[in-house]
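What follows is one structure encoded as structure tokens, with my remarks underneath.
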Amino acid sequence: GGLTQGQTGAALLTAGQTATAIRKELIVLDADVLAGTFLFGCSYGLATKIGPLAVQALDKYSANIEATMSEGKQVQMQAYTDAIEEEKAAVASLSASSDIFDIKRELAALEVEAEYRRRIKQVSVEVKKRLDYQVELENTKKAFIRDHIIGWLESEVIASITPEQEEANINQCIASLGMLAQ
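Structure representation (structure tokens):
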């Protein structure tokens, strides 16, 4: 844009001072100064015309880089959040593991008690079998002795009976039968 009212003073002052400096040879216009002025002018023109496009392209590039970095950061943050959740779950499972160990300990104690009772029952059955065997052995011995004594007594009684006693006994039996028959 052009200069508007009230803004021409600074421009005229700058132009006047530059003209005075050139006239008094404070600024020498040789090839180097002209080349520098031309280079400055071209740089300024390029910066004003191409600068916004370059800034826009660089902004897009940096936004892409920032988005990529932000995405990586989000992924990393999510990974850390998941790891924290896993650690919390591990801590919770460790607190539950003490309960599991208590239950397993009680179960083992119950198994030991059941095995103890089974063995006690087995021992009592075996002891009863042995006691029954001893009772049967004693009963068999007594029966053998009794049968032996009875046999011996019978043989001794029969041996002690004389033929006269036997005949008197038979006669008495016949007489008893005869009285019963009447």
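Count along the sequence shown starting at 1, add 1, and that's the number in this note's numbering.
Quick reminder that beta carbons are idealized off the backbone N, C-alpha and C, glycines included.
Report the rounded CA-to-CA distance for C174 versus P164, giving the unit in angstroms. Reading the sequence shown from its first residue, position 173 is the one you call residue 174. Reading the sequence shown from its first residue, position 163 is the one you call residue 164. The alpha-carbon atoms of C174 and P164 are separated by roughly 15 angstroms.
Apart from the five residues on each side of it in sequence, which residues of its chain come closer than 8 angstroms, Cβ to Cβ, to A97? The residue given as residue 97 occupies position 96 in the sequence shown. If we look at A97 and ignore the five residues flanking it on each side, it has no Cβ neighbours.
In angstroms with no decimal places, state the Cα-to-Cα distance between Y45 and T69. Along the sequence shown, one-based indexing puts residue 45 at 44. Along the sequence shown, one-based indexing puts residue 69 at 68. Going from the Cα of Y45 to the Cα of T69 covers about 34 angstroms.
Using the Cα positions of I28 and A16, report the straight-line distance between them to the nearest angstrom. Working through the sequence shown from its first residue, we reach residue 28 at position 27. Working through the sequence shown from its first residue, we reach residue 16 at position 15. Distance between the alpha carbons of I28 and A16: 13 angstroms.
DSSP three-state label for I104, please. One-based indexing of the sequence shown puts residue 104 at position 103. If DSSP states are grouped into helix, strand and coil, I104 belongs with the helices.
Does the beta-carbon distance from L13 to I23 come in below 8 angstroms? The sequence position of residue 13 within the sequence shown is 12, counting from 1. The sequence position of residue 23 within the sequence shown is 22, counting from 1. Cβ distance not < 8 angstroms, so L13 and I23 don't count as in contact.
In whole angstroms, what is the alpha-carbon distance linking K129 and K122? Position 128 of the sequence shown, counted from the start, is the residue given in the question as residue 129. Position 121 of the sequence shown, counted from the start, is the residue given in the question as residue 122. Approximately 10 angstroms between the Cα atoms of the pair.
When DSSP labels each residue in this structure, what does G7 get in the three-state scheme? Within the sequence shown, the letter at position 6 stands for residue 7. Reduced to three states, the DSSP call for G7 is coil.
Three-state class that DSSP yields for L27 in the structure shown: In the sequence shown, counting from the first residue as 1, residue 27 sits at position 26. The DSSP-derived three-state label of L27 is coil.
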